[in-house]
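To keep things clear, I will list the structure first and then write my remarks on it.
There are 4 protein chains.
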Amino acid sequence: MSRNFTSDNITPVSAEILAAINSANADSVPSYGGDPYTRRLADAASGVFETEVAIYPVTTGTAANALALSQFTQGFSAIYCYEAAHIVTDECGAPEFFTGGAKLIGLPAGDGRIGAAQITAAAAFAREMGVHHVKPAVISITQSTEWGTVYDLGHIEQIAAAGKAESLPLHMDGARFANALVHLKCTPAEMTWKRGVDVLSLGATKNGAMCAEAVVFFNPKMAADFERRRKRAGHLLSKLRFVSAQLLAYFDDDLWLRNAARANAAAEHLAEGLRTIPAARLLHPVDANEIFVSMPETLLVALEAEGFGFYRWPLCVPERDVAIRLVTSFETRLSDVDEFLAACRRLA
Amino acid sequence: MSRNFTSDNITPVSAEILAAINSANADSVPSYGGDPYTRRLADAASGVFETEVAIYPVTTGTAANALALSQFTQGFSAIYCYEAAHIVTDECGAPEFFTGGAKLIGLPAGDGRIGAAQITAAAAFAREMGVHHVKPAVISITQSTEWGTVYDLGHIEQIAAAGKAESLPLHMDGARFANALVHLKCTPAEMTWKRGVDVLSLGATKNGAMCAEAVVFFNPKMAADFERRRKRAGHLLSKLRFVSAQLLAYFDDDLWLRNAARANAAAEHLAEGLRTIPAARLLHPVDANEIFVSMPETLLVALEAEGFGFYRWPLCVPERDVAIRLVTSFETRLSDVDEFLAACRRLA
Amino acid sequence: MSRNFTSDNITPVSAEILAAINSANADSVPSYGGDPYTRRLADAASGVFETEVAIYPVTTGTAANALALSQFTQGFSAIYCYEAAHIVTDECGAPEFFTGGAKLIGLPAGDGRIGAAQITAAAAFAREMGVHHVKPAVISITQSTEWGTVYDLGHIEQIAAAGKAESLPLHMDGARFANALVHLKCTPAEMTWKRGVDVLSLGATKNGAMCAEAVVFFNPKMAADFERRRKRAGHLLSKLRFVSAQLLAYFDDDLWLRNAARANAAAEHLAEGLRTIPAARLLHPVDANEIFVSMPETLLVALEAEGFGFYRWPLCVPERDVAIRLVTSFETRLSDVDEFLAACRRLA
Amino acid sequence: MSRNFTSDNITPVSAEILAAINSANADSVPSYGGDPYTRRLADAASGVFETEVAIYPVTTGTAANALALSQFTQGFSAIYCYEAAHIVTDECGAPEFFTGGAKLIGLPAGDGRIGAAQITAAAAFAREMGVHHVKPAVISITQSTEWGTVYDLGHIEQIAAAGKAESLPLHMDGARFANALVHLKCTPAEMTWKRGVDVLSLGATKNGAMCAEAVVFFNPKMAADFERRRKRAGHLLSKLRFVSAQLLAYFDDDLWLRNAARANAAAEHLAEGLRTIPAARLLHPVDANEIFVSMPETLLVALEAEGFGFYRWPLCVPERDVAIRLVTSFETRLSDVDEFLAACRRLA
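Chains as they are written, first to last, in this note's numbering: chain A, 1037 to 1384; chain B, 1037 to 1384; chain C, 1037 to 1384; chain D, 1037 to 1384.
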């Protein structure tokens, strides 16, 4: 990373995960998930989540999200989510594609966290509209959110309860799931099925894996025919062992939590520093490993000239100020952060 | 109609149109649009619009809209429109279905009329997002709008120009096209291709037809393969002559304008009356044949008890007040309106 | 018709049906199927089929077929049918569109009638292939078939039983349902649910209606959310009463059977005549109102020169001979047939 | 491998490719294909194919095929291919999914190789059917074929020419592309664009890679918007460098050809041996690394009891005999083959 805060997917792979890939290469094993790594992963995931889960490894978060949502929807369905959720703005229509045209109904939300009352209101609106409107089918929340905030456990529970009252299952986009876990200091079970989450897109790629995400159903009965969904989307790898092995290493010895803790700590350090810099204004609470901050364009240009990397963030909510996003990762050292802060102070 | 203001699609068929259906029944004619009525319609429509058009009759407005939009989109496309447009909230996902999952990006708008600057901003956002975001493909506006207002000609021209600058064609949902024409006192050409509209969903059913809508391309070259789209959607009728005959009668002797003028006049009369009733608050300008008005619930109940019909309008923009929609049609007599107004005054 | 044997959808509308349309025009009635005609139709259809059915009127057979099949399929589904079924070759991909890409698996069949053993074998193949293959979901048969033959009741029962053994419901494409009924001299119930048919596309347009087809579920519980499918496909007409009224008249006083009997009688008369003409060779048994016959090209040209109409039939099974299709209808007079036969004899 | 001939996707990863993955892990690099590996791959592929190509790495062959086909089709399109092609029977409907419901029209073919005349006939049939039939859009052939045979160069040229005459581009499913190259002793250019192939699904996973396939367009202009197709299907990996690095190593120092040559040699050795065993009957010529052979069930059981692995092949063409498939790979030693042959002789 050093000076590059553009994203957490620019990083290499954690040494432990790369080692696991290498050692999975020993032998011939059955393809398409019939291998021992994939079987062990099912057990490991059930252990991690303290309940029997059905877990389906895939190679991208977009695939995980779109496949998970398609399990609960038909073409005439409504998916309720935050109006600037990753599934709305960053997946090039994958959810619509995989669901056969279900409608993502985006709800406004401060800091990226939608509220239970919005679900209730949206479902009531759908009921009034009847057959002319799409039918409420599923809720999706992102944890950590798109703005680097984290839903607390009570909040998740409220959304799940509002959904259950309307027979709507709850999907969690966990592209940065481990960062939220670390922030909340809770167990994976507490942040998911114990609060009413039905299906999870579990991300690992941004937190040290090479290409490993997974769809996790907390009630395996909800996964009927999911295998065929994955296959017909081209997301069933023949040599699936190499993805499963990544996830085994990811869970092993809490690698995922250790990696996320490093990323979160760097982000917190960065946020603390930025709060002391008058030219910088933090736009959201910093709960995980993403920081959204506005700065004068002149300062941004000067930082870039010194080799610092970050994204100017395109805002779909136009009235907000210009902003940049800074992302930390398991690779970010506190000294990298200090360098950035020092440059900010010097150049401001 | 009498006391029933719920919608303009509860009406019978205009006598002229029913007569046309009856006289189209004389003989055997080729099926699937090879009949003389459909051929004559192509000529008639080109005359009405003062340019050679390609016209495709269908039986519902939802089909017309979804088919028209599908002609300009792919699954990874963005369709820009008003956030509470009929295509967004009232067609049960038909546009997503017909387009293979294109995303309707809803823009906020007072009185249902989006602005050219919103198109420019949305396209710029898409450009910044790159491959992760859907690709801008087409704009859709509704004329008359969902709130009974009408875009003036300059407004249409500005939106079309903003679209053309981004290579986006312009679709007009003309479910109540004739009502807008009558309001603007302009020609069909002036309200469409002369202002940059590329494709029109022309509605007739709400204005006196039985089941007759049409997709009209102002540049027939843009209609390549459209026939197959209509066919595979099940919208190519074998005895298409009976739809074409409706549209011929609709244009003939300006029936469409005469019908719309009656509906608009009744709406204007109703709006004028409501303005004098303190308990009623008009929510939007009344340009066409729909009136949105808020009234006390007690008054609404009393009106219903006297047999008046209207819709309590479910509002997807939750902060607005409770409202009802009143719709007039070619069948509405001014005396019907007067009865309603008198009841309002008496019961308020 | 007179000399035109190209199709049964070139005909006008039966007088009784046109009269019903006219008398349905009296008043304002609720739209989108909330009208009394549509309610009466539900009762009438349940009477006709001797069981409570759920009936959904639409305006084309392609819509009826594609909607019906979509109710039982997902994108990863297999639909088993005859390899040259109308849904395979004549609907421009509508079934694939409505089902989100389900695969029509065409089975070879003499005279257009598939066999129960083929279903069993195809399901066994799918089972062996597992997740890599589409999942068996539904069977579709056409009655009368695409070649003018009719499945007898025992045959339907066998196919249904083979399907039930694999949990596959049975769809019947009844574009020419009444012609088969008349041929078999059985009741609608006997030809459908009593033999295991779950859903029927009931055609009326080719047999005297203007634009009236219907999807009929023999177990209304199987129709969950079907309303939304129809709506989002643009096939829910606002003034639905005019379609329902056609179907009411169609059933009334056995109009449908009387019309089909006339068409079948004309076809039988034609087939009998052709059997006596050496130059003509009947390609299939003539059970309903379609006749496939091969003749020398010189004779065909001569017949056309005298104004007779028919289709040279494109055969997707290339090894078969050149052929024409002759279709009779409720409008065909026996004298029309005699004229055609006389011309054949004279010109051969 | 040793005694396991079930498939070529059960193998580990070639040492050279695993090494390349490891060395790609050094640094932070831009994500989503902005990395230097992916850029170098574009150059390398253009060198390999002796023309400027556009190459898009993905992780499965199903994704490569379905994405490639979707580039040339619409929902109302026809794709012509062999009736038992992998895209028809083994991809769970992925082509239909990605194309929005295009129809795969399967053509019968001895040894899996369709003929140019079949394309011409199918296109003529479509023309006769007009708007009622799907529109011819693209041809797909598999090289090596599903039965382990290889199209010779003249054959490819004829199919391409028949396609070009109907404006149909030609797709090649090259899951076992290198095996065909080695068999024909020709260059990649000679087997593709020089013979009229427009787009290639290039497989590497079965021939030594971990999860690396690619869509290769020989005319980069044909790849417009393909990036978005890949993204919205969830097939744009964030850490794409690790797939690109595999393909770089695959091409480097002719690894792909060396691996394929080993697999082909083992297959040839196996075929030669089987020809001398009376109980075995080869079902197709053995051009590449797949062998289809019929044997008595008793012999198969005995072989399995000794630990040999192979697939009993489900045949979708039911009249053929029971068969097994034996697959060799870059890992298969000739001694493995000899062991198998000895067992056959001993147990027969």
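Yeah, the Cβ is synthetic: ideal placement off N, Cα and C, and Gly gets one too.
Residue i at chain D interface by Cβ criterion, 8 Å
i                 : result
threonine 1178/C  : no
asparagine 1215/A : no
Short CB-CB distance (under 8 Å) between residue i and chain A
i                : result
histidine 1207/C : no
cysteine 1128/B  : yes
valine 1186/D    : no
Pairwise C-alpha distance: residue j and residue i
i                 : j                 : result
glutamate 1355/D  : tryptophan 1349/C : Residue placement at glutamate 1355/D is flagged as unreliable, the pLDDT there being 43, under the threshold of 50; a coordinate-derived value is accordingly withheld.
glutamate 1375/B  : alanine 1341/B    : 14 Å
glycine 1111/B    : alanine 1102/A    : 14 Å
aspartate 1044/B  : isoleucine 1057/C : 19 Å
tryptophan 1292/D : alanine 1130/B    : 47 Å
serine 1038/C     : glycine 1137/C    : 42 Å
leucine 1199/B    : valine 1049/D     : Note that residue 1199/B is glycine in the sequence shown here, rather than leucine. Near 51 Å, if we compare the C-alpha coordinates of valine 1049/D and glycine 1199/B.
threonine 1383/C  : threonine 1178/C  : The amino acid occupying residue 1383/C in the given sequence is leucine; threonine does not appear at that position. Rounded to the nearest angstrom, the two C-alpha atoms are 35 Å apart.
serine 1237/C     : lysine 1242/B     : 29 Å
lysine 1275/A     : isoleucine 1046/D : 7 Å
alanine 1055/A    : threonine 1368/D  : 26 Å
valine 1353/C     : alanine 1152/D    : With a pLDDT of only 48 at valine 1353/C, under 50, the local geometry of the prediction cannot be trusted, and no value is derived from it.
alanine 1301/D    : alanine 1307/D    : 10 Å
alanine 1157/A    : aspartate 1209/D  : 50 Å
leucine 1283/C    : leucine 1319/D    : 56 Å
lysine 1267/D     : aspartate 1323/C  : 53 Å
Residue i - DSSP class collapsed to helix/strand/coil
i                 : result
methionine 1331/C : coil
valine 1252/D     : strand
cysteine 1247/A   : coil
arginine 1039/C   : coil
glycine 1190/B    : helix
serine 1050/A     : coil
arginine 1231/A   : helix
leucine 1276/D    : coil
arginine 1149/B   : coil
Listed by chain order, chain D residues near residue i by CB distance under 7 Å
i              : result
proline 1350/C : Phe1161, Glu1164 and Met1165
Interface residues of chain D facing residue i [CB-CB closer than 9 Å]
i             : result
lysine 1171/B : Asp1261 and Arg1264
Interface flag, residue i vs chain B, CB-CB below 8 Å
i                 : result
threonine 1125/A  : yes
histidine 1320/A  : no
tryptophan 1040/C : The sequence shown places asparagine at residue 1040/C, not tryptophan. At least one chain B Cβ lies under 8 Å of asparagine 1040/C.
asparagine 1300/C : no
CB contact check: residue i to chain C, cutoff 8 Å
i                 : result
alanine 1056/B    : no
arginine 1369/B   : no
alanine 1060/D    : no
proline 1048/B    : yes
asparagine 1295/B : no
Residue i: contacting residues in chain A (beta-carbon distance under 7 Å)
i                : result
histidine 1168/C : Lys1267
Interface residues of chain B facing residue i [CB-CB closer than 7 Å]
i              : result
alanine 1099/C : Gly1270
- Below 7 Å between beta carbons is the criterion; list the residues of the segment 1235 to 1264 of chain A that meet it against any residue of chain D, in chain order. Thr1241, Met1246, Cys1247 and Arg1264
- Message: Along the segment 1325 to 1349 of chain C, where does the CB come closer than 7 Å to a CB of chain B? Name the residues.
- Response: none
- Message: Can you pull out the residues from the segment 1264 to 1279 of chain C whose beta carbon lies closer than 7 Å to at least one beta carbon of chain D?
- Response: none
- Query: Along the segment 1103 to 1121 of chain C, what residues have a CB closer than 8 Å to any CB found in chain A?
  - Reply: Gln1110, Gly1111 and Phe1112
- Determine which residues of the segment 1129 to 1148 of chain B have a Cβ less than 7 Å from any Cβ of chain D, and write them out in chain order. Gly1136
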